[in-house]
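Quick notes on the structure that follows.
Numbering (UniProt numbering), first residue to last: 1 to 104.
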């Protein structure tokens, strides 16, 4: 009987952790796949919040045009999502203050 109680307690503690980690891994895989599929001309959002256009790529870095004639070099890992995804999030909640993100 004590063994069953111990197993139940462990299940209650570890099952939520397992499902949370699974969801987190799926989200991380989505970001890594996106970073691997970058191409010139694509509009992206960086971790710093810059909306930019990809103008060049190499293995580790990307050249982003953040303003007309202004090109910055960033690591690919700093690019977190396509700009369309950011615009869709804003459209879902128009009452949210400009630039406000709840997932930070």
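For each residue, glycine too, the CB sits at the ideal point set by N, CA and C.
When the beta-carbon positions are compared, residue 76 and residue 45 stay at least 8 Å from each other.
The beta carbon of residue 84 is closer than 8 Å to those of 43 in its chain, skipping five residues each way along the sequence.
Each residue's CA atom was taken as its position, placing residue 4 and residue 33 some 42 Å apart. Residue environment for residue 79: buried (at least 16 other C-beta atoms within 10 angstroms of its C-beta). For the 8 Å CB-CB criterion, residue 41 and residue 53 form a contact.
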